[in-house]
Ligand code: GLP
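Numbering (the working numbering), first residue to last: -6 to 236.
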């Protein structure tokens, strides 16, 4: 893993956006995997700024988001789809047909997961996958447990994850759906390159375990150690335990 540490979250975000811009320049039809959560918000702001300045072109790119809440349609204010529209999609030149998302409101959620896997395969796989990390070490919505799922699947969310996502549901953890759909560990690890963003002291412990700890289903992010191209973009607080 390549570890990059920046003094502030904003500096880390600028470098992350720059990394994406370079990837898009090298491959304009890039297949980009995208996360939600607070961590990527400054990166999305920077991408919007770069687009406004004519420095980045999404015209031929395709995107696949990592996950979505179950029982939540694309127009639900708490959906990850709305989050992405708000922070990125509505502001850059990405045609809706090039944006791929899990439909949390699908009638058959298992079939929806299979459809998504097939779509990723038909796109030729993900070239660059941006990730955040949950405070319990989850990636996407792959929660710590006795086992991990390989492919896109339904997940029961842990209470800590529902609390962490409460802001999307009026601050009420109880309003956060109990279930979600997420790319699986093999889906994530088959991306050609991975960039993980972590900022703030709340992430320091799981960042340290992700890099130095054993591979364990108790910390799904630890499996990133097995991938040949992972870059971590950290601020000083998230890197505090690495010294
Ligand atoms: C959610 C998302 C994850 C994200 C995590 C961390 O659970 N499913 O993809 O990494 O939140 O969120 P934050 O960046 O707000 O700490």
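Don't be surprised by glycine CBs; every beta carbon is placed ideally from N, CA and C. Values in this document were obtained by computation on a predicted structure and should not be read as measured data.
Distance cut-off 7 Å: residue i Cβ against heavy atoms of the ligand GLP
{"i": "residue 59", "result": "yes"}
{"i": "residue 0", "result": "no"}
{"i": "residue 3", "result": "no"}
{"i": "residue 177", "result": "no"}
{"i": "residue 56", "result": "no"}
{"i": "residue 36", "result": "no"}
{"i": "residue 71", "result": "no"}
{"i": "residue 29", "result": "yes"}
{"i": "residue 126", "result": "yes"}
{"i": "residue 100", "result": "no"}
{"i": "residue 133", "result": "yes"}
{"i": "residue 32", "result": "yes"}
{"i": "residue 157", "result": "yes"}
{"i": "residue 154", "result": "yes"}
Proximity winner among the options, relative to residue i (alpha-carbon distances)
{"i": "residue 227", "options": "138, 124, 165 and 81", "result": "124"}
{"i": "residue 140", "options": "212, 12, 207 and 10", "result": "212"}
{"i": "residue 220", "options": "121, 233 and 11", "result": "121"}
{"i": "residue -1", "options": "87, 222, 71 and 190", "result": "190"}
{"i": "residue 41", "options": "75, 1 and 82", "result": "82"}
{"i": "residue 19", "options": "95, 54 and 110", "result": "54"}
{"i": "residue 101", "options": "209, 63, 24 and 115", "result": "63"}
{"i": "residue 224", "options": "165, 13 and 45", "result": "13"}
{"i": "residue 283", "options": "234, 116, 127 and 73", "result": "Only positions -6 to 236 of the chain appear in this structure, which leaves residue 283 out of reach."}
{"i": "residue 209", "options": "24, 156, 159 and 131", "result": "131"}
{"i": "residue 172", "options": "179, 149, 67 and 43", "result": "149"}
{"i": "residue 184", "options": "156, 217, 192 and 157", "result": "217"}
{"i": "residue 145", "options": "135, 73 and 152", "result": "135"}
{"i": "residue 198", "options": "222, 127 and 163", "result": "127"}
{"i": "residue 238", "options": "36, 73 and 17", "result": "Outside the displayed range of the chain (-6 to 236) lies residue 238, so it cannot be described from this structure."}
{"i": "residue 57", "options": "26, 31 and 214", "result": "26"}
With 16 other Cβ atoms within 10 Å as the buried cut-off, status of residue i
{"i": "residue 60", "result": "buried"}
{"i": "residue 103", "result": "exposed"}
{"i": "residue 237", "result": "In the structure displayed, the chain extends from -6 to 236; residue 237 sits before or after that span and is not available."}
{"i": "residue 137", "result": "buried"}
{"i": "residue 87", "result": "buried"}
{"i": "residue 195", "result": "exposed"}
{"i": "residue 154", "result": "buried"}
{"i": "residue 29", "result": "buried"}
{"i": "residue -5", "result": "exposed"}
{"i": "residue 46", "result": "exposed"}
{"i": "residue 192", "result": "buried"}
Residue i Cβ short of 7 Å to the ligand COA heavy atom set
{"i": "residue 115", "result": "Because the ligand COA does not appear in the structure shown, any question about it cannot be addressed here, the ligands present being the ligand GLP."}
Beta strand (DSSP E) runs contained entirely in the stretch 67 to 129, provided each spans 3 or more residues: 121 to 124
Sequence ranges, beta strand (DSSP E) only - wholly within the stretch 150 to 236, length at least 3: 172 to 175, 186 to 191 and 223 to 228
Whole runs of the alpha helix (DSSP H) within the stretch 1 to 30, excluding any shorter than 4 residues: 2 to 19
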